[in-house]
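See below for the structure under consideration.
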Amino acid sequence: MNEKVAVLMGGRSLEREVSLKSGHRVSEALAAKGYEQFSLDVDERMVDNLIAAAPDVAYIALHGKYGEDGTVQGLLELLGIPYTGPGVYANIVSFDKVLAKEILTRHSIPTPRWLTLSAASFKEMGAAGALDKAIDLLGLPLVVKPAGQGSALGIKIVHEAEDLPKALIGALSYDDKVLLEQYVDGTELTVSIIGNDPAEALPIIEIVTKKEFFDFESMYRMGATDYFVPARLDDAQAAEVKELSLNVHEALGCRDVSRVDLIMSEGKPYVLELNTSPGMTETSLLPMAAAAHGIAFADLVDKLVRMALAR
Amino acid sequence: MPRYQLDKWTDLYANRASLLKSSAIRDLLSVTEREDIISLAGGNPYTKEFKMTKIVAAATETMLSHGNAALQYGASEGQTGLKQHICRLMAGENIKVDKEDFIITGGSQQGLDILGKVFIEPGDVILVEAPSYLGALNAFAGYEPKVISIPLDELGLVVSELEERLKELASAGVRPKFLYTVPNFHNPAGVTMSLDRRRRLIELSQQHKLLLIEDNPYGRLRFEGERLPSLRELDENVIYLSTFSKILSPGLRLAWLVAPHPILEKIIFAKQAADLCSPSFTQRVVDEFFNQNDLEEYIAQLVNTYRRRRDAMLEALDEYFPDEAEWTSPEGGFFVWVRLPEFIDTTEMLADAISQKVAFIPGRAFFADGRGANFMRLAFCFPSEEEIHEGVRRLSDVVKDQITLYHSVAVNLKLKSE
Chain S
4 MNEKVAVLMG GRSLEREVSL KSGHRVSEAL AAKGYEQFSL DVDERMVDNL IAAAPDVAYI
64 ALHGKYGEDG TVQGLLELLG IPYTGPGVYA NIVSFDKVLA KEILTRHSIP TPRWLTLSAA
124 SFKEMGAAGA LDKAIDLLGL PLVVKPAGQG SALGIKIVHE AEDLPKALIG ALSYDDKVLL
184 EQYVDGTELT VSIIGNDPAE ALPIIEIVTK KEFFDFESMY RMGATDYFVP ARLDDAQAAE
244 VKELSLNVHE ALGCRDVSRV DLIMSEGKPY VLELNTSPGM TETSLLPMAA AAHGIAFADL
304 VDKLVRMALA R
Chain X
965 MPRYQLDKWT DLYANRASLL KSSAIRDLLS VTEREDIISL AGGNPYTKEF KMTKIVAAAT
1025 ETMLSHGNAA LQYGASEGQT GLKQHICRLM AGENIKVDKE DFIITGGSQQ GLDILGKVFI
1085 EPGDVILVEA PSYLGALNAF AGYEPKVISI PLDELGLVVS ELEERLKELA SAGVRPKFLY
1145 TVPNFHNPAG VTMSLDRRRR LIELSQQHKL LLIEDNPYGR LRFEGERLPS LRELDENVIY
1205 LSTFSKILSP GLRLAWLVAP HPILEKIIFA KQAADLCSPS FTQRVVDEFF NQNDLEEYIA
1265 QLVNTYRRRR DAMLEALDEY FPDEAEWTSP EGGFFVWVRL PEFIDTTEML ADAISQKVAF
1325 IPGRAFFADG RGANFMRLAF CFPSEEEIHE GVRRLSDVVK DQITLYHSVA VNLKLKSE
């Protein structure tokens, strides 16, 4: 067992630093499992390097733009290199929060009310004239998110109508399209899904932050947040949340692995989004859920690589 | 219910460990290490014009003549030869010190950390400028002070505001431990404290028995205008820090800290506890470097380089930046501080800038209290004049785009709150 694994990490995304942390940790795990592995900090030489090195499989430890939006997956398909995690379609529709919400809605999956606006809609079509209608529809507070951005970068909670333009400008710094969403107050949950036929939901993690939402600052820092594994839910609620998460995984066309973020409000779960390339750092949620299920980090990495190699 | 511990040593950490953290902004800037991005972010001195053979010669001579001493522990206060050279450098700035009046530290950063250790109890009030040098805020934060920020303007620290705060604190029975200030070519604001304000600050400090910490890393890098007396020159009770980091090399990690003798004694004990002594090797190499060379010529060359870069940045800002933006015109140092309209959050704007392949440091990083969202720091020290011009041009497009977008979003707004 010495298949050659290329660990793709870093790159140009705003989540470069986190990706490097995930990637280094994955590399160590692969080495411990006896794989021949090498890391690639993704740049314009990636394709040449992959062709030259001819790995048996690519481990995608990239986060954010180009790493989990279908770009790198599409290239790897073209090169004929199997890769970890969901395929092109699932990455495209999950990374674009607007597409993902549309698909969830079509599958009648409960998710906070939403609408989308773009830079062009303001500049070319006077969308500002419809903002009061947006506020009527979603209520206050509401949440503004860049459509295509991982982590929690650019996300703002708007309490007063007059703060909306500033929040929109902030979110539009990350992407030309934004998602406006009803603010649902409740308990933050995340469910990691792993495996195929059948996919399995790992123990639910409950996230308790002192801040208003799970932001970039607390997401990757030790000790800034409390986690409860399994989440403090009764059995029926936990079963409902897991089933719902598996439905989301399927609706968005995922395979192998994903992580679904939800809010539990007044006993009802609402789906926020799905991540196709969950973090693998010391403080990441997928490895935490796996550990709670008795799967050590190196075994988790091994599982993901095995699934890719089996394709 | 199990509370999951990400880190099995969580229960062992001191409270202050949670205060020590890397920032999200630092993570974002990681992407700017990429070569195709013009970085106006880092305050790295330009070392490429330095004649490396001069350091080679000094290092060779050091090892051949004093090799054993260079490999040994040295005095905690610092190596005598180097200290004599520093006395001469200081005399050039009209500060008369003997080698017993200061110690050598591992960069000024170590000096700041030691000052925090010697003076700050958790909850003590310290005064800083708003904005302030990020590294000082971090160094002090570990000692858990209550930080009060005093605003800056074009003429440096607003001393009248300081006076108000000192009165309030005095009437509440609180004596602040010290005021930390960078009077010359401020990081990040680029401004220099006026002579009037320097005098007034000294008066206030005497009146309120306020200890002043003067950090002067950039003082020698004046491009124009008249040299102003340092606070230490005006009053021997001022603690004064300076460094070789900007005029020679930050890689050497050599700086010095001048303090009144009773304070210096405590500082030496803290220095001993921290690292016994600064590296004998680098101290002796720099000592030998001064025996063989005159640093003044190199400083003059640096001043020329930085002046041209400052000019390039100010010209580009004039040429490209919209009327809604304002910026400082530094007479020295490394930085221009830019104020954008209030509706722009430069932390978010950085994402847009990075995608346009230019980077800066968002203003919020330099405030202890979360303000400064519409400011940014542009450094002209490291990139070439051409890169500065192009970088500012790219950045101006990002800023203009944000302004246009804002007006298209906010104009004609018929919101419920109205």
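Chains as they are written, first to last, in this note's numbering: chain S, 4 to 314; chain X, 965 to 1382.
C-beta atoms are modelled at their ideal positions from N, C-alpha and C, and glycine is treated no differently.
Residue-level contact by beta carbon fails for ALA1105 (chain X) and chain S, as no gap is shorter than 7 Å.
For MET283 (chain S), no alpha helix (DSSP H) run applies, since DSSP gives it neither H nor E. For ILE1318 (chain X), the chain S residues whose C-beta falls within less than 7 Å of its own C-beta are LEU17, listed in chain order. Listed along chain S, no residue sits closer than 9 Å to MET1340 (chain X) by beta-carbon distance, the nearest being about 13 Å off. When only Cα atoms are considered, LEU1130 (chain X) and GLN1073 (chain X) end up about 27 Å apart.
In the DSSP assignment, ALA293 (chain S) falls within the alpha helix (DSSP H) that extends over 288–295.
The residues ALA1103, GLY1106 and ALA1238, in chain order, have a CB closer than 8 Å to that of ASP1077 (chain X) in the same chain once the five nearest residues on each side in sequence are set aside.
Along the region 1307–1332 of chain X, the positions whose C-beta sits under 9 Å from a C-beta of chain S are PHE1307, ILE1308, ASP1309, THR1311, GLU1312, MET1313, LEU1314, ALA1315, ASP1316, ALA1317, ILE1318 and SER1319, read in chain order. Annotation for VAL75 (chain S): the continuous alpha helix (DSSP H) segment containing it runs 74–82. For the C-beta of GLY157 (chain S), the chain X residues within less than 7 Å are, from N- to C-terminus, GLU1312 and ALA1315. Taking PHE1208 (chain X) as the centre and dropping the five residues before and after it, the same chain places the C-beta of LEU1216, LEU1218, ALA1219 and VAL1250 closer than 7 Å to its C-beta, in chain order. Taken through DSSP and simplified to helix, strand or coil, ASP135 (chain S) comes out as helix.
By a beta-carbon distance limit of 8 Å, ALA1337 (chain X) contacts THR1310 (chain X). Their separation comes to about 7 Å.
Counting the other CB atoms within 10 Å of its CB gives SER248 (chain S) a total of 16 or more, which places it among the buried residues. For LEU11 (chain S), DSSP records a beta bridge to S:LEU43 and S:ILE63. For the C-beta of ARG998 (chain X), the chain S residues within less than 8 Å are, from N- to C-terminus, ARG15 and ASP46. Rounded to the nearest angstrom, the Cβ distance from ALA1332 (chain X) to SER1096 (chain X) is 7 Å, consistent with a contact under 8 Å.
Straight through space, the alpha carbons of PRO115 (chain S) and GLU1349 (chain X) are spaced by roughly 50 Å.
The three-state reading of DSSP puts VAL1250 (chain X) in helix, counting H, G and I together.
The Cβ atoms of ARG262 (chain S) and LEU289 (chain S) sit closer than 7 Å to each other. Under a criterion of Cβ atoms nearer than 7 Å, the residues of chain S adjacent to SER994 (chain X) are, in order, ARG19 and GLU20. Per DSSP, LEU1221 (chain X) lies in no alpha helix (DSSP H); the unbroken beta strand (DSSP E) holding it starts and ends at 1219–1222. Using a Cβ-Cβ cut-off of 8 Å, ILE196 (chain S) is close to nothing in chain X; its nearest Cβ partner there is about 19 Å away. If only complete runs of 3 or more residues are kept, the region 1028–1071 of chain X shows the beta strand (DSSP E) at 1066–1069, in order along the chain. Listed in chain order, the non-local C-beta contacts of ASP1199 (chain X) below 6 Å within the same chain comprise ILE1166, local neighbours out to five positions each way being set aside. In the displayed model, ARG1139 (chain X) falls within coil according to three-state DSSP, outside both helix and strand. In summary, ASP188 (chain S) is exposed, with fewer than 16 beta-carbon neighbours lying within 10 Å of its beta-carbon over all protein chains present. Not flagged as an interface residue toward chain X: LYS148 (chain S), since no C-beta distance is shorter than 7 Å. Taking the CA atoms as reference points, GLN1366 (chain X) sits about 36 Å from HIS252 (chain S). Our two residues, LEU17 (chain S) and LYS68 (chain S), have alpha carbons roughly 8 Å apart in a direct line.
At a cut-off of 7 Å between C-beta atoms, ILE172 (chain S) counts as an interface residue with respect to chain X.
Shown here, MET1277 (chain X) sits in a helix according to DSSP, grouped into three states. With respect to VAL1373 (chain X), PRO168 (chain S) sits close: the two C-beta atoms are nearer than 7 Å. According to the DSSP assignment, LEU1091 (chain X) belongs to the beta strand (DSSP E) that extends over 1089–1094.
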